[in-house]
Amino acid sequence: MTSYQLSPEHEAFRHVVRDFAAAEIAPHAEKWDKDHHFPVEVVQQMGSLGLFGLNAPEEFGGAGDDGDFTSLCVAIEEVGRVDQSLGITLEAAVGLGINPILAFGTQEQKQSWLPELVTGRALAGFGLTEPGAGSDAGATKTKAELVDGHWVVNGAKAFITNSGTEITTLVTVTARTGMVATDRGERAEVSAIIVPSGTPGFTVEPAYDKLGWHASDTHPLSFDDVHVPADNLLGERGRGFAQFLATLDDGRIAIAALAVGCIQACLDMSVEYAGVRTTFGVPIGAKQGVAFQVADLEVMLEAARGLTYRAAAMKDAGRPHKEVKHAAAIAKLYATESAVTATRIATQIFGGYGFMEEYPVARFYRDAKVLEIGEGTSEVQRMLIARGLGLPVE
Ligand SMILES: Cc1cc2nc3c(=O)[nH]c(=O)nc-3n(C[C@H](O)[C@H](O)[C@H](O)COP(=O)(O)OP(=O)(O)OC[C@H]3O[C@@H](n4cnc5c(N)ncnc54)[C@H](O)[C@@H]3O)c2cc1C
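This is the structure:
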């Protein structure tokens, strides 16, 4: 089993991101949430700090050997500790926007798109989910047909993060590009195609009205006879689904890091409040009923952090994909379910004030739920873990 130990460099980097988040994000998080405002200038400042290039090569403006996946998790945790919306913006920008191009793109595609994405001057989305295909993403209905040297894309995508900001330059989408014969009959051939923003027929529909993540950008997308060059195929034809699944495995570790940031915030807020709020003449933290819940928060935090950074360390160490996938599912499942529990506990500790938007605990409560849904629901993680154990679960 791979263990993890953050290096002094990782810890020093954590302090850089923590200071940035405290100065540039925390003071505004409540207002951005209230106004449903996507703070593009701050996202670009995060880019200047190098947060989008932590696992990208230097030739595209990334950190090269100075960065790794663990550093990305540290950055997501620290940003997510003050603002989950900005944390998911970073996670999706790298995990879903940059990484598929980095992993599967041609040299030309990398050169065209990565320098702007890696430095945070631009953002990319990842369109797998459709109105009728989420957990069962293979049921994609969006189609792309090759006509006269162009892919003609028709269909719709749902819930796509970072797809409609003023600096979004592309969305990579999965689409059926034909049918292939298998032992059990025919199945759809699914490929991944890069669709630049602004291509005629590609419409970014109005943003969703979400329960949480109000400062994060999420839209439905529609494609009506959208023509893009044949060269916009990302990776191999027919491998789109497999490529996206591989992308999601890494993304799950990063979502677990976002959940760790959420639990840390719950612990910090609860310790502070339980020390100052008095009832019956003593701080509520003097009551075991409250103190024990705070103790539980720390246990959840340490367990979630351990699982998350262990999975990240396995990825950085180049462990076999099957092992990383299993560790990622375990980390995502435990950390995200713990984050939801942690926000419930923290809100309870704040009593009536926990229900008021003037306290950040209410925002974290609303933001946490989606962690159990995005990039594979808890049920999907349990399915993957059971399959990893050799069970023939459907
Ligand atoms: C804010 C937000 C941002 C998102 N960003 C993106 C993005 O950038 N790109 C993208 O492609 N997608 C994105 N998603 C989509 C997200 O990944 C899906 O919502 C998620 O995978 C679940 O799919 P679904 O919503 O279709 O639910 P369904 O698949 O319809 O699931 C409904 C319920 O049934 C359960 N279920 C389904 N199948 C099984 C099974 N076999 N066994 C047991 N239970 C099952 C699920 O766990 C869930 O509880 C985002 C979603 C949200 C809410």
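Counting from 1 along the sequence shown, just add 25 to a position and that's the residue number in the working numbering. Using N, Cα and C, we set each Cβ at its ideal position, and we do this for glycine too.
Test item: CB-CB of alanine 284 and phenylalanine 94 under 8 Å: Position 259 of the sequence shown, counting from 1, holds the residue named residue 284. Position 69 of the sequence shown, counting from 1, holds the residue named residue 94. Taking 8 Å as the Cβ cut-off, alanine 284 and phenylalanine 94 do not qualify as a contacting pair.
Test item: CB-CB of leucine 273 and isoleucine 218 under 8 Å: Taking the sequence shown and counting its residues from 1, the one referred to as residue 273 is at position 248. Taking the sequence shown and counting its residues from 1, the one referred to as residue 218 is at position 193. Contact flag unset, no.
Own chain partners of aspartate 249 with C-beta closer than 6 Å, once the 5 adjacent residues on each side are dropped: Taking the sequence shown and counting its residues from 1, the one referred to as residue 249 is at position 224. Correct list, in chain order: Gly226.
Cut-off 8 Å between Cβ atoms - residues of its own chain near threonine 303, not counting five sequence neighbours on either side: The residue you call residue 303 lines up with position 278 of the sequence shown. Result list for threonine 303: Ile309, in chain order.
Residues near glycine 399 in its chain [Cβ-Cβ closer than 7 Å; skip 5 each side]: Here residue 399 refers to the residue found at position 374 of the sequence shown. Excluding residues within five positions, the ones whose Cβ falls inside 7 Å are Ile280.
Minimum C-alpha distance to alanine 282 - residue among Leu97, Gln70 and Ala37: The count along the sequence shown starts at 1 and reaches residue 282 at position 257. When each option's Cα is compared against that of alanine 282, the closest is Leu97.
Residue nearest to glutamate 261 in terms of C-alpha spacing, selected from Phe317, Ala316, Val229 and Thr202: Against the sequence shown, residue 261 aligns to sequence position 236. When the alpha-carbon of glutamate 261 is set against those of Phe317, Ala316, Val229 and Thr202, the nearest one is in Thr202.
Contact test: leucine 153 Cβ vs ligand 1 heavy atom, cutoff 7 Å: Locating residue 153 in the sequence shown gives position 128, counting from the first residue. The nearest non-hydrogen atom of ligand 1 is less than 7 Å from the C-beta of leucine 153.
Beta-bridge partners of glycine 203, as assigned by DSSP: Along the sequence shown, one-based indexing puts residue 203 at 178. Glu214.
Supposed contact pair arginine 407 and leucine 20 - C-beta distance, whole angstroms, cut 8 Å: The question about residue 20 has no answer, for the chain in this structure spans 26 to 419.
Heavy atom of ligand 1 within 7 Å of serine 160 beta-carbon: Working through the sequence shown from its first residue, we reach residue 160 at position 135. Yes; taking the cut-off as 7 Å, the Cβ of serine 160 has a heavy atom of ligand 1 nearer than that.
Near ligand 1: glutamate 116 beta-carbon under 7 Å from a heavy atom: What you label residue 116 is simply residue 91 of the sequence shown in a count that begins at 1. Taking the Cβ of glutamate 116 as the reference point, every heavy atom of ligand 1 lies at 7 Å or farther away.
Meets three-Cβ-pair contact criterion under 8 Å: the segment 208 to 223 and the segment 77 to 88: no
Segments of 4+ residues assigned as alpha helix (DSSP H) that fall wholly inside the segment 57 to 83: 65 to 73
Proximity of isoleucine 113 and serine 241 at Cβ, strictly below 8 Å: Here residue 113 is taken as the residue at index 88 of the sequence shown, counted from 1. Here residue 241 is taken as the residue at index 216 of the sequence shown, counted from 1. Result yes, Cβ atoms of isoleucine 113 and serine 241 sit closer than 8 Å.
heavy atom of ligand 1 below 7 Å from isoleucine 126 C-beta: Translated into positions along the sequence shown, residue 126 becomes position 101. The answer is no for isoleucine 126.
Reduced DSSP category for leucine 273 - H, G, I as helix; E, B as strand; rest coil: Taking the first residue of the sequence shown as position 1, residue 273 is located at position 248. The answer is helix: DSSP assigns leucine 273 an H, G or I state.
Phenylalanine 184 Cβ short of 7 Å to ligand 1 heavy atom set: One-based indexing of the sequence shown puts residue 184 at position 159. Yes, the Cβ of phenylalanine 184 comes within 7 Å of a heavy atom of ligand 1.
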